[in-house]
Every structure is written in C-alpha cells, then in structure tokens.
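One structure is given below, encoded as structure tokens.
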Amino acid sequence: MSELTLLLLRIGFLILMWSFVFAIVYALRSDLFGTKVRRLPVAASAAAPVAVAAPVAPVTVAGSGPARRLVITSGAKEGLELPLEGDQLTIGRSADSGLVIRDDYTSTHHARLMLWDGTWMIQDLDSTNGTLLSGKKVGAPTAVPLNTPVSIGTTTFELRR
-11 MSELTLLLLR IGFLILMWSF VFAIVYALRS DLFGTKVRRL PVAASAAAPV AVAAPVAPVT
49 VAGSGPARRL VITSGAKEGL ELPLEGDQLT IGRSADSGLV IRDDYTSTHH ARLMLWDGTW
109 MIQDLDSTNG TLLSGKKVGA PTAVPLNTPV SIGTTTFELR R
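This note's numbering puts the sequence shown at residues -11 to 149.
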C-alpha cells in the first residue's frame, strides 16, 4: 500500500471514531437534560389550581361515561388539568408525549393511557421505575377507575369526569 492510501485510511478511521464519540455524547446529553421546558408566569400558574379545585367534587358524582380529564394531584405540575381528547395519551419525558413529565424517575416513553370499550386503561411501556396504580405496579394494560391515583415518577394524577 502506498503512504497516501494509508494516510487516507487513518484519517477515515479517525473521522469514524470521532463521529461515534459525538453520537454517544449527544445521546447522553439528550437523555440527561432533555429539551427545555418553558415555565408559565407566576400569576397564571397560581390561578390554575384555584380554578380547577372548586368543581372537583360535584363533577365526579354527576354524569356518566368515561373520564374526560386528567388532573395532576402531586408533583411539579400539580393542579394541571388536561382534557382527555382522542383515544390515547402517551406520558413521559419525550417532547412528543401528550403529557410531558420532567423528572429523574420518568422514562422517555413511560406509559400510555388508552380508551378501550369506554374504559381508560393504563399500560406501562417497559419503563425503568414502573407505573403505579393505587400503589401497585402495573404489568399489563389495567383499567383505571375514576379518582384512583396513578403514579409515574414523582407525579401523581387521577382521571375525572
């Protein structure tokens, strides 16, 4: 082999090695830090829990059919109320999740809520720390009764009408 061929092979190998190192660093960075989350202004976030706290008891007693909203009862987004539109909602750290939960105990794609025959079901998507329904780990898709706590990481939520 000529010296030029050897030099080109060495440079190509170095480029390949460094691209591999950068790919690993990028994957670690996105897994550790995720994407930036914008915070609501203090006045708007303080007003939200007050608005949803008042009608909770009367609404859950009246009406029929599946739950129509998800209410976060503890965690970083406590007081957030999310309407359940459509037939499924993904939960995790990923920006493409329907409910984004940013904490160290939540996987990128952690769990999925699915509407099946008029009943909301929760499915753990092979998360590291698991999904808890009333304090019990969820293995297979499980029905979620109204006002039953579901814990994902440090966040707890309930389904309500």
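The beta carbon of each residue, even a glycine, is placed where N, CA and C say it ideally should be.
On a predicted model such as this, the values are computed, not experimentally measured, just so you know.
Contact annotation: Leu70 and Arg57 have beta-carbon atoms nearer than 8 Å. Between the C-alpha atoms of Asn117 and Ser95 there is a straight-line separation of about 8 Å.
Counting only residues of its own chain and dropping the five nearest sequence neighbours on each side, Thr143 has a CB closer than 8 Å to the CB of Ile60, Ser62, Gly63, Ala64, Lys65, Ile89, Asp91 and Thr94. The residues Pro54, Ala55, Leu72, Leu101, Met102, Ala131, Val132 and Leu147, in chain order, have a CB closer than 8 Å to that of Trp108 in the same chain once the five nearest residues on each side in sequence are set aside. In this structure, His98 lies near Ile79, with their beta-carbon atoms less than 8 Å apart.
For the 8 Å CB-CB criterion, Val138 and Leu113 do not form a contact. DSSP places Ile79 in the strand class (E or B) of the three-state scheme. DSSP places Leu120 within a strand segment (E or B) once states are collapsed to three. Here the C-alpha atom of Tyr14 lies approximately 14 Å from the C-alpha atom of Met5. Residue pairing from DSSP places Ala131 in a beta bridge opposite Met109.
Around the beta carbon of Arg17, fewer than 16 other beta carbons lie within 10 angstroms, which makes this residue exposed.
Looking at the backbone, the Cα of Leu(-4) and that of Asp84 are separated by about 42 Å. By the 16-neighbour rule on beta-carbons within 10 angstroms, Gly141 is buried.
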